[in-house]
Amino acid sequence: MDKRTLENYCLKHIGVSHNYKEEWNADRYLVGGKIFAIIGEDPKEGKPLITLKNDPNQIEALREKYEGVIPGYFMHKVHWNSYFFDASIPDNLWEELIDQSYELVYRRLSKKIKEEISV
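When we follow this note's numbering, the leftmost residue of the sequence shown carries the number 781, and every step to the right adds one.
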């Protein structure tokens with residue numbers, strides 16, 4: 781997978797904003813002011829990766845099933861995974877993982893923020 785494809789897919793979701801966090805050397809994608817995706821690099825190896833929120837019941841299975849999936853950088857390891865762009869993940873699963881991350885964050889937003897986003 782490549783960065784541009786992942787970025788474009790993140791930005792297709794309703795109410796998404798984007799910013800760059802220099803301290804992390806990473807692009808952040810937010811809904812309602814909450815992060816649902818971070819695109820950056822592994823600080824040790826410099827390899828590009830995306831960090832996404834996942835269902836805690838699936839998080840370990842994803843790490844075991846796919847090479848290139850590790851506990852999320854800079855995030856709570858129970859809820860977040862980081863995926864190297866060269867991970868052994870099928871193309872269609874990338875979109876599902878981004879959708880899931882967006883939905884997990886979106887559903888925790890207040891009713892007021894959800895209404896503001898949908899306008």
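Backbone N, C-alpha and C define an ideal beta-carbon position, used for all residues, glycine too. All figures in this text were calculated on a predicted structure; none of them were measured in a lab.
Annotated as proximal: V885 and K814, with beta-carbon spacing under 8 Å. Annotated as distal: S862 and F816, with beta-carbon spacing of 8 Å or more. Annotated three-state conformation of V858 is coil, per DSSP. If you draw a straight line from the Cα of T785 to the Cα of W874, it is about 10 Å long.
Nearest to S890 by alpha-carbon distance, out of I869, N834, V811 and P870, is V811.
Here A841 is exposed, its C-beta having fewer than 16 other C-beta atoms within 10 Å. Within a 10 Å sphere around the beta-carbon of K833 sit 16 or more other beta-carbons, which makes this residue buried. R843 carries a helical assignment under DSSP once its states are collapsed to helix, strand and coil.
From the listed residues E802, E803, D807 and I893, the smallest Cα separation to L791 is found for D807.
Annotation: L829 to D866 spans about 8 Å, alpha carbon to alpha carbon. When secondary structure is reduced to three states using DSSP, N788 falls in the helix class.
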